[in-house]
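Scroll down for the structure; my scribbles are underneath it.
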Amino acid sequence: MVGWWFWWLAAPLAAAPQLAFHSDRAGNYDIYAIAPAGGELINLTAHPAQDKWPAWSPDGTRLAFASNRDGDFEIYVLEGGPIRQLTDDPGLDTWPCWSPDGNRLAFTSHRDGNYEVYLTDAAGGEPANLSRHAAFDGKPSWGHLPELSGPGIVFSSTRNGDYDLFAVREEGGPVIRLERGEGIAREPALGAAGLAYAEVRQGRSRVVWRPLEQSRGVEPTAVEGSLPQPVETGDGQPGLLLTA
């Protein structure tokens, strides 16, 4: 079965908007790009290792992704030239996302013995542990959130038992649980216009879209599907793709 995981964020080292995703269509996972309306499918990495979880920088000139080309998963950046390795640790580093200004990245790492959300400069440097909890913390998305009164990071965590959504300001501080309905929530995608996430409620999977200006107590928009993955568009509008 071919695996598809999509992120629609910006333009891939070119002028036109593109979808970036990882696929094992060639026998191993590589990063591909294609125009939203279809057209030529471009393999951006073409490497025998596993390349996964792509994320465009806000200006569309850089692509971050995770790869096990050095033996375990690390974060790499493609900038139109040679691919640059950003992290180097025996623990798994996966699921990168960019800060709104493009100067930093957040990612999921197992370097301290359990999964945490780490931050690092896009130019390189020593990553810092942002989440600091014994439970699973990961799959971050970076943007502006009313609950934080400014920029911060939304991530999935099992610190309350099941998967749920939590948020923390980008400089650190108290971690808050985002108010929402029942069920399991994970894979958040925070954009300029709202927050999308995958939810499982009463055995049914769906993608939920919550506009940032939405009042509390108002039911968000939801689309049911099989293993939904939320994505973000370059103009801050929601995108939905259902995977099987």
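Read the sequence shown against the numbering used here and you will find it ends at 387, with the numbers running on by one and no gaps. All C-beta atoms in this analysis are idealised placements derived from N, C-alpha and C, irrespective of residue type, glycine included. Note that the structure is a prediction, hence the values are computed from the model and not measured.
W285 versus R247, Y219, G324, S300, residue with shortest Cα-Cα distance: R247
Neighbour-count burial assignment, E330, 16 or more Cβ in a 10 Å radius: buried
Bridge partner(s) assigned by DSSP for E217: S210
Closest residue to A277 among E183, G268, L262, D255 (Cα-Cα distance): A277 has its Cα closest to that of D255, out of E183, G268, L262, D255.
Beta-carbon gap between L206 and L187 smaller than 8 Å: yes
Closest residue to L338 among G245, D167, F309 (Cα-Cα distance): F309
Closest by C-alpha distance to P239, when choosing among A265, R168, N257, E183: A265
Exposed unless 16 or more other CB atoms sit within 10 angstroms - verdict on L273: buried
Cα-Cα separation, K282 to E217: K282 and E217 have their alpha carbons spaced roughly 15 Å apart.
Residue of E222, L321, E269, I327 minimising C-alpha distance to T230: For the residues E222, L321, E269, I327, the minimum Cα distance to T230 belongs to E269.
Identity of the residues DSSP links to H287 by a beta bridge: P294
A271 versus E290: straight-line alpha-carbon distance, rounded: 23 Å
Exposure of G203, with buried meaning 16 or more beta-carbon neighbours within 10 Å: buried
Secondary structure of G360, DSSP reduced to three states: Because G360 sits at a pLDDT of 49, beneath the cut-off of 50, its placement in the model cannot be relied upon, and the following sentence gives the value as read from the coordinates. G360 falls in the coil class under three-state DSSP.
Proximity test, Cβ basis, 8 Å: L162 and chain B: Among the protein chains of the structure shown there is no chain B, as only one such chain exists.
Residues bridged to F309 [DSSP beta-bridge criterion]: F298, R320
Buried/exposed call for G304, threshold 16 Cβ in 10 Å: exposed
Rounded C-alpha distance that separates Y340 from E322: 13 Å
Buried versus exposed call for S166 [16 or more other C-beta atoms within 10 Å across all chains shown]: buried
Three-state secondary structure (DSSP) of L162: strand
Unbroken stretches of the beta strand (DSSP E), 3 residues or longer, contained in the stretch 215-261: 217-221, 236-241, 247-252
Spatial neighbours of S299 in its chain, beta-carbon cut-off 7 Å, leaving aside the 5 residues before and after: Close CB contacts of S299 within its chain, under the 7 Å cut and outside five residues either way in sequence, are with G281, K282, Y306, L308, R329, E330, P331 (chain order).
Proximity winner among H190, F164, H253, relative to A178 (alpha-carbon distances): Nearest option by C-alpha distance: F164.
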